[in-house]
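Notes follow once the structure below has been shown.
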């Protein structure tokens, strides 16, 4: 046992502001399979911890260590933040999975805890493992080998009953079977239930703790709305998901902001579409709060320019919007209502209000994309950069289950890398005005296999992690163990 690791957890706890931990007999752990700074920036994770605590559970938190190798060398089991207790000593471990690549973190965290990752390898002496989180809105099947129970969709009304049942006897899964969104991998096989939807009166989700030790330092997060009323064909959180956009009034939002929070982050898949967003931002800025926002629609900012002004007054330094595709033609094909004029207007607003950067998110490898679309992106980026410095945040397109582009295929590592290189060469003279920040095409391929895969893809992740966790290990494991998902992606591409 490393006292340095124990002290580091205590130091983090001392930095937090929020409700104190209340011990009790109904002990559960909520595990986030990424480091503390990432997990504590997750509103969903914090919110579910709070939901359970408010129902009388003694909830403790655990995270993947910052330095896994150092933790492993110390021979310290994975510990909770609240009491620095071994995770393996709890009867139930809840897990929040945000996206496919966090499966590796889940496997690593369970192994550090001394808990067999595979459900089939666990016995009655091990904790019961319940998995939920944003990943369950799309394709939870790769997580199935590691979970006794998965809760699909919004878990506000299901996580408490599931945890209560898991604290009981051997028939606990029978008690969970009727819960909305409950998926029991051992019994249900490939059949997935509809995702759960929480009652609107339980909204909004909000932070339980504020701490400087996160990606969003000292920021109190809460929902201004949930869901989206738009129809972008690549997105899981579109109009057809749980009834679309559900609004929270500014009055309700403002009533929940604690005095001790210096900064407030408004969260929602379509938060900039909130009809009263300017009013809400004005109230927060007037109250002396710093403000942040999870996403901005370029068309909405262009039509309501006061949003850009208020965010800047609230300390927002980078105006971030999404183009999502390389050309206007492609934006039409994916039902993205953003135009070049909207983006140009955002660049002008960024310059007018002295933002440091205009950041534009987009995807390469969208179905139907050609080199001509990339050339159009280069030409248009030069137009934007002539107005204000631009950062392009580029991610390869990954097809997701439960979207119209499910089955569209992954463009391929070579194609994505070639188009990225083409874009970089076209913009090489714009250095100082254009910064290109791209995520890895290799790891996007791993994500794509998992996004389309089944339980066998999850088992392949286990093999890859145990082989060292390098890309070559994933490629080998997927070729051997997730062949159907790999073939499907290659066929569609």
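Residue numbers (our numbering): 7 to 499.
Glycine included, each C-beta is placed from N, C-alpha and C at the ideal position.
Remember, it's a predicted structure, so these values are computed and weren't measured experimentally.
Opening and closing residue of the alpha helix (DSSP H) in which residue i lies
i: residue 17; result: 9-21
i: residue 5; result: With the chain covering only 7 through 499, there is no way to say anything about residue 5.
i: residue 5; result: Here the chain comprises residues numbered 7 to 499, so residue 5 is not present and cannot be evaluated.
i: residue 44; result: 42-45
i: residue 355; result: 346-358
i: residue 402; result: Element bounds for residue 402: not the alpha helix (DSSP H) but the beta strand (DSSP E), 396-402.
i: residue 318; result: 312-319
i: residue 441; result: Run containing residue 441: none in the alpha helix (DSSP H); it sits in the beta strand (DSSP E), 440-444.
i: residue 427; result: 419-432
i: residue 170; result: 165-172
Endpoints, beta strand (DSSP E) assigned at residue i
i: residue 379; result: Taken as a continuous stretch (DSSP letters only), residue 379 belongs to no beta strand (DSSP E), being part of the alpha helix (DSSP H) at 377-393.
i: residue 269; result: 269-273
i: residue 219; result: Here residue 219 belongs to no beta strand (DSSP E), and DSSP marks it neither H nor E.
i: residue 4; result: A query on residue 4 cannot be resolved here, the shown segment of the chain reaching from 7 to 499 and no further.
i: residue 138; result: 134-138
Closest residue to residue i among the options (Cα-Cα distance)
i: residue 405; options: 71, 347, 458; result: 458
i: residue 465; options: 484, 447, 452; result: 484
i: residue 321; options: 235, 58, 292, 82; result: 292
i: residue 274; options: 50, 8, 43; result: 50
i: residue 494; options: 341, 451, 164; result: 451
i: residue 500; options: 492, 279, 351; result: The chain is shown only over 7 to 499; residue 500 falls outside these bounds and no answer can be derived.
i: residue 205; options: 248, 316, 242, 220; result: 248
i: residue 242; options: 44, 9, 140; result: 140
i: residue 192; options: 151, 387, 373; result: 151
i: residue 343; options: 235, 54, 109; result: 235
i: residue 309; options: 351, 317, 362; result: 351
i: residue 129; options: 370, 154, 147; result: 154
i: residue 353; options: 328, 374, 12; result: 328
i: residue 148; options: 14, 108, 269, 169; result: 108
i: residue 285; options: 260, 179, 334; result: 260
i: residue 421; options: 371, 382, 445; result: 371
i: residue 9; options: 78, 48, 82, 32; result: 82
i: residue 117; options: 131, 93, 136; result: 93
i: residue 225; options: 19, 283, 298; result: 298
i: residue 403; options: 423, 202, 387, 384; result: 423
i: residue 17; options: 411, 219, 96, 164; result: 219
i: residue 439; options: 45, 395, 133, 454; result: 395
i: residue 239; options: 489, 76, 12, 373; result: 373
Simplified DSSP state of residue i, which is helix, strand or coil
i: residue 199; result: coil
i: residue 472; result: helix
i: residue 489; result: helix
i: residue 26; result: coil
i: residue 226; result: strand
i: residue 261; result: helix
i: residue 72; result: coil
i: residue 278; result: helix
i: residue 330; result: coil
i: residue 494; result: helix
i: residue 54; result: helix
i: residue 414; result: coil
i: residue 459; result: coil
i: residue 105; result: coil
i: residue 37; result: strand
i: residue 296; result: strand
i: residue 156; result: strand
i: residue 374; result: coil
i: residue 87; result: coil
i: residue 189; result: strand
i: residue 82; result: coil
i: residue 32; result: coil
i: residue 253; result: strand
i: residue 232; result: strand
i: residue 142; result: helix
i: residue 336; result: helix
Pair within 7 Å by beta-carbon distance, residue i and residue j
i: residue 233; j: residue 187; result: no
i: residue 513; j: residue 360; result: Nothing about residue 513 can be read from this structure; the chain reaches only from 7 to 499.
i: residue 223; j: residue 408; result: no
i: residue 74; j: residue 34; result: no
i: residue 138; j: residue 157; result: yes
i: residue 336; j: residue 305; result: no
i: residue 314; j: residue 363; result: no
i: residue 427; j: residue 447; result: no
i: residue 90; j: residue 213; result: no
i: residue 210; j: residue 229; result: yes
Any chain B beta carbon closer than 7 Å to residue i
i: residue 173; result: Protein chains in the displayed structure number just one, and chain B is not present.
Would the segment 124-136 and the segment 388-399 be scored as touching if the rule is three or more Cβ pairs under 8 Å?
Judged by Cβ distances under 8 Å, the segment 124-136 makes no contact with the segment 388-399, as fewer than three pairs qualify.
Are the segment 26-46 and the segment 111-121 touching, with three or more C-beta to C-beta distances below 8 Å?
Cβ pair count under 8 Å is three or more, so yes.
Flag this pair as touching only if the segment 76-90 and the segment 61-68 have three or more C-beta atom pairs under 8 Å; answer yes or no.
yes
Take every Cβ of the segment 21-28, pair it with every Cβ of the segment 101-108, and state whether three or more of those distances are shorter than 8 Å.
no
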